[in-house]
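Here's the structure we're looking at; comments come further down.
Residue numbers (the numbering used here): 181 to 358.
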């Protein structure tokens, strides 16, 4: 992140403080939605500056808004936060991000696999199988069972033997060979 990025982050936090102070909540929220689409590298400084300014609730809102980012950008934001020592925020954004419909998760993972983004696939599916029930995870396999079933099972095995077997059962019930 360069000096221009730092200035933009600091200026944006100052604007949020001003908007909140003036009772302009709608405009503050609109700014948070815009900021959610910023480059992932800015997120750690945003977190620090927002916390310093007493905008913890706005930071939580920003994480919620960022959870709707495309999968690749979602994982990049989580990675940036984790690398900066904000692992809890990184995990939170992933948990919120995998609340999408099963078919959307499946399609996103297939796209990431096709782009060779295997680390992102693992991060997304790890969060997904931890947060979602096995039946929901099984539904995501419909996008490309040959690709997704083994990846889902690998992620579930990383959670626990019980989660793995629950997913095996859910996949079989859904009609997928596990």
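Idealized CB from N, CA, C, for every residue including glycine.
Quick check on the burial criterion: 16 or more other C-beta atoms within 10 angstroms. Buried or exposed for residue i?
| i | result |
| --- | --- |
| residue 340 | exposed |
| residue 260 | buried |
| residue 182 | exposed |
| residue 205 | exposed |
| residue 268 | exposed |
| residue 308 | buried |
| residue 285 | buried |
| residue 187 | exposed |
| residue 342 | exposed |
| residue 300 | buried |
| residue 198 | exposed |
In terms of alpha-carbon separation, which member of the options lies closest to residue i?
| i | options | result |
| --- | --- | --- |
| residue 287 | 272, 271, 305 | 305 |
| residue 215 | 302, 291, 246 | 246 |
| residue 252 | 265, 240, 293, 184 | 293 |
| residue 191 | 348, 233, 349, 357 | 233 |
| residue 320 | 295, 210, 347 | 347 |
Quick one: grab the DSSP three-state call for residue i.
| i | result |
| --- | --- |
| residue 324 | coil |
| residue 242 | helix |
| residue 202 | coil |
| residue 308 | helix |
| residue 225 | helix |
| residue 230 | helix |
| residue 274 | helix |
| residue 285 | helix |
Check whether the Cβ atoms of residue i and residue j sit closer than 9 Å, and answer yes or no.
| i | j | result |
| --- | --- | --- |
| residue 230 | residue 196 | yes |
| residue 312 | residue 282 | yes |
| residue 226 | residue 193 | yes |
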